[in-house]
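First comes the structure, then the notes that go with it.
Residue numbers (this note's numbering): 5 to 297.
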């Protein structure tokens, strides 16, 4: 009887593939984090990665540990940028990218996403003193967006379609892009509205800035990114996120990051949980189609 059980145990161990196999063999899982995507994934004053997406990834890590029946699972952290996040997932350096990454059909050709954890639209922030009210008002001006994002693609497309003659400057990260507006090297920064809200809240003079009502996109879904064609690992991640999103705990986690003072400056973003995201939490989906929300 013991021999039979041993063979069955060996067979099930051999059946592991992809990311789950790698995690079981190494006893480690690698999380990709952003350094300044407040409040999703960023460094606190102790240089520790924290945020809403990091808390979601912690739930996935716990599910992986349980699924693989591991006594302990070491979590490694690897910084990623807008430009490096997809290659680092695709080449196996990072197992989960826990940030503010838009899930869309184009990206699904390179990576997979678990269930949507946020919905955001692409808008711009400018100084109130600039008196820029609409996308049309950006004509002929210098506008910044972060390299490797959907946002820079959207502003480039809008610029061409409307013949606005905008000078579009790529920045290496959100902090650098916002600094360009702060120091008047650009009149506006095009980015996801929630990230703009966090940058304004953390600025020296939050009242000096305004986020546009005009948007370059429909509300778009954010998802935790993982490797493509790795169904067993995705199943664990989808199960973990769906369980969290359908539970009362998601409201507690959401309120912790969006309706409470957060580190390192004890800022409160004051962004209530909206009806579309409530609906996405109640019926979890990994759809990259904005029309699905």
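Glycine included, each C-beta is placed from N, C-alpha and C at the ideal position. Every value quoted in this text rests on a predicted model; they were computed, and no experiment measured them.
For residue 43, the CB contacts under 7 Å within the same chain, skipping 5 residues up- and downstream, are 55, 56, 202, 261, 262, 266 and 273 in chain order. Boundaries of the alpha helix (DSSP H) harbouring residue 197: 197-205, taken from the DSSP string. Excluding five sequence positions before and after residue 181, the CB atoms of its chain that fall closer than 6 Å to its own CB belong to 148, 150, 175 and 193, given in chain order. Shown here, residue 70 sits in a helix according to DSSP, grouped into three states.
Burial check for residue 270: the Cβ neighbour count within 10 Å stays below 16, so the residue is exposed. In the DSSP assignment, residue 46 falls within the unbroken beta strand (DSSP E) covering 45-47.
Close CB contacts of residue 86 within its chain, under the 8 Å cut and outside five residues either way in sequence, are with 150, 151, 152, 153 and 177 (chain order). Just so you know, the alpha carbons of residue 280 and residue 92 end up roughly 31 Å apart.
Boundaries of the alpha helix (DSSP H) harbouring residue 243: 235-250, taken from the DSSP string. The beta carbon of residue 171 sits closer than 6 Å to the beta carbons of 146 from its chain, once the five residues preceding and following it are set aside; these are given in chain order.
Within the DSSP secondary-structure output, residue 101 pairs in a beta bridge with 36 and 229.
The stretch 20-28 makes contact with the stretch 69-85: 3 or more CB pairs, one atom from each, lie closer than 8 Å. Excluding the 5 residues flanking it on each side, residue 250 has same chain C-beta neighbours closer than 8 Å at 285, 286 and 288, in chain order. Counting only the Cα atoms, residue 199 lies some 10 Å from residue 125. Within the model, the alpha-carbon separation for residue 247 versus residue 204 is close to 33 Å. Judged by DSSP secondary structure, residue 160 falls within the alpha helix (DSSP H) whose first and last residues are 154-166.
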